[in-house]
Structure formats: structure tokens, C-alpha cells
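2 protein chains.
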Amino acid sequence: MDKINSLYLQSFTFPCIVEDRKQGFLRVFESGNLPFPIRRVFSVVNAKGGSRRGQHAHKICNQLICCVAGEIKLICDDGENQEERILSPESEAVLVPSGVWAEQEYIKDNSVIIVFCDQSYDENDYIRDYDEYLRWKENYK
Amino acid sequence: MDKINSLYLQSFTFPCIVEDRKQGFLRVFESGNLPFPIRRVFSVVNAKGGSRRGQHAHKICNQLICCVAGEIKLICDDGENQEERILSPESEAVLVPSGVWAEQEYIKDNSVIIVFCDQSYDENDYIRDYDEYLRWKENYK
């Protein structure tokens, strides 16, 4: 994909607290610092470096993507523009708004993401085919 | 500690979805399946095997402890009784109610826990000394 880099994705900062290297570190998400009330949370764990996940858009659901271990590349696409972000435990979390196609590429093994959603699970909210996504976008112009 | 094993901790089941081994797995937490509305979420990542965390009680806050990678031992203590649970991505999540002393022992490297809380952060809600905890419990009998 060869598109202009201008989705203007919103970022959110959450502390990454290292108390003691041997004891690992905390990442803390206070509900008041999240962009919406939480209806659903999911974690993705143990994806091999180089693997891709996501590859869908949501019609209604907004998702905040947070990397709590390792490193991932988040690729967002609205059919006309594309934006990539590298996410790590030290980086900001990124809001993927409804109507945006998103993919995650796992850069490091043992990367972990936590995703906060403002909607409950609904299979009808997913668009899993990119051509279908472009047609859906076209209808909303 | 040599106490009877009878805290009757409540457990909650959340799906662990493996779509493709290379792509890792999802753990999904729908708000309707959680025991309380979420006010705070934190993750603990990169604790070395054998290390211990927690070692405090909360006066008011209830916490649901979920292991999404690796394996941990959760040790809960109410001053008279003790209960241990091994948590993994395949196991249930355990509710640590307010007023219970809790510790987590990280059994495997790269273990990850996600903790859901029904309260925002408040340092005054923590009891970090076990003797002080026993005195606090004594006052509530």
C-alpha cells in the first residue's frame, strides 16, 4: 500500500512503572484516562515475531491498542490514507476509531497487547475483507 | 505460613481463543462477565520466575487477577486461613476481595497478569505491612 501518512490517530499516555527490574513492570490504565467506558478488554499473547493480526475494520467499535510487552507495528488505513505506529511498553497507546482498517505486525517474540473496546463482541460489526471495506467506505462518503 | 486452606475464593471463566499457534492467542474479558464495573486495569509483565509481587491488602478495592501468559501462584490470606491457586491462560481468573492479603509468585519467566479493579488508585487503600494487616483485621472482628 502506498498512501499518504495522515490519519491523525489520537494517542493516550499511561504510566509504565518499573519498581525493580527482577519484579518486572506495571502498566496502569485508570478508567478516567481512557477515551471511553470499557465494555470489553482482550489481550493477545505469544504471537511469533513477524506474524500479523487484526486485518479488519469495525463499523461501530472504537479500540484503544496498548502494547505492554515487546514491540508491534500498528498499521491503520482509511482507504485513502495510511499511518503506521511502533508501539512498545514505553510508547503511547493509540485509538483506532470505528471505520478504520487496522493490522498489527508483531515485531518481537513475546509481545503482548491489551485492547480496550467501547462495545461488546458482535460479529456483525467486523469487516474482514479489504475490498468489502473499501465498498463500505464508499457508501459512507 | 501454616494455615487451613479455606478462603472460598470466587473464580470467573474467560475464553482463551487459539486461532493459529503462530499468531498466539486471545483472552477476552466482556464487561458483563466481570464481577464489577472496571475503574482501573493494570498489567504486570517481565517479572522473573521465582520473584514475588503483591504482598499487600486493600481495605476497599476488589481485584480480579487473570494470568494471560505463563504461570503464577496466587497466595491469599485473611489472617486465619490461606488459599493458593495456580493461574495460567487456561485457568479461571480469581477474585481477591477487599480485606484479603495477597501475593503473587511468578513461576515461569514471561508470565503476564492483568488485574481488573473496582476502585481508582488510592495509596491510603493499601496495607503493605503484614503485622499492620493483622491489627487492622482484629479491629474489624
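Protein chains in written order, with my numbering: chain A, 164 to 304; chain B, 164 to 304.
C-beta atoms are modelled at their ideal positions from N, C-alpha and C, and glycine is treated no differently.
What you are looking at is a predicted structure, and each value in this text was computed from that prediction instead of being measured.
(request) Over the uninterrupted alpha helix (DSSP H) stretch that includes Asn302 (chain B), give me the two end residues. (result) That run of the alpha helix (DSSP H) goes 293-302.
(request) Could you tell me the boundaries of the beta strand (DSSP E) in which Phe279 (chain A) lies? (result) Element bounds for Phe279 (chain A): 274-280.
(message) Can you tell me where the beta strand (DSSP E) holding Asn209 (chain B) begins and where it ends?
(response) In the DSSP assignment, Asn209 (chain B) falls within the unbroken beta strand (DSSP E) covering 203-210.
(request) Identify whether Gly217 (chain B) lies in helix, strand or coil by the three-state DSSP scheme. (result) In the three-state DSSP reduction, Gly217 (chain B) falls in the strand class (E or B).
(message) Less than 7 Å between CB atoms is the rule here; does Asn273 (chain B) satisfy it with respect to chain A?
(response) Yes - at least one Cβ of chain A is within 7 Å of the one on Asn273 (chain B).
(request) Would you kindly work out how many angstroms separate the C-alpha atoms of Ile201 (chain A) and Arg202 (chain B), rounded to a whole number? (result) Rounded to whole angstroms, Ile201 (chain A) to Arg202 (chain B) spans 9 Å at the Cα level.
(message) By the DSSP assignment, the beta strand (DSSP E) with Ile223 (chain A) in it spans what residues?
(response) Membership of Ile223 (chain A) in any beta strand (DSSP E) is not indicated, and neither H nor E is assigned to it by DSSP.
(request) Taking Gln218 (chain A) and Glu266 (chain A) to be in contact with their CB atoms under 8 Å, please state how far apart those CB atoms are, rounded to whole angstroms. (result) About 5 Å separates the two Cβ atoms, so the contact holds.
(request) Would you mind telling me which residues of chain A sit closer than 8 Å to Tyr289 (chain B), beta carbon to beta carbon, in chain order? (result) Simply none; closest approach about 14 Å.
(request) Note down, in chain order, every chain B residue with its Cβ under 8 Å from the Cβ of Ile249 (chain A). (result) Per Cβ cutoff of 8 Å: no residues; Ile249 (chain A) is ~17 Å from chain B at best.
(message) Distance cutoff 7 Å, beta carbons only. Does Phe192 (chain B) sit that close to anything in chain A?
(response) Any Cβ of chain A closer than 7 Å to the Cβ of Phe192 (chain B) would place that residue at the interface, and such an atom is present.
(message) Rounded to whole angstroms, what is the Cα-Cα separation between Tyr303 (chain A) and Cys280 (chain B)?
(response) Cα-Cα distance, rounded: 39 Å.
(request) Check the Cβ of Gly195 (chain A) against every Cβ in chain B and list those closer than 8 Å, keeping chain order. (result) Neighbours of Gly195 (chain A) in chain B, taken as residues at a C-beta separation under 8 Å, are given in chain order as Ser283.
(message) Please list, in chain order, the chain A residues whose beta carbon lies closer than 9 Å to that of Val257 (chain B).
(response) Taking the beta carbon of Val257 (chain B) as reference, no residue of chain A falls within 9 Å; the closest one sits roughly 17 Å away.
(message) On the DSSP bridge list, what partners appear for Ser174 (chain B)?
(response) For Ser174 (chain B), DSSP records a beta bridge to B:Val257.
(request) Under 7 Å Cβ to Cβ from Tyr289 (chain B), same chain only, skipping five residues before and after it: list those, please. (result) Excluding positions up to five away in sequence, the list reads His219, His221.
(request) Please check if any C-beta of chain A sits within less than 7 Å of the C-beta of Ser261 (chain B). (result) At least 7 Å separates the CB of Ser261 (chain B) from every CB of chain A.
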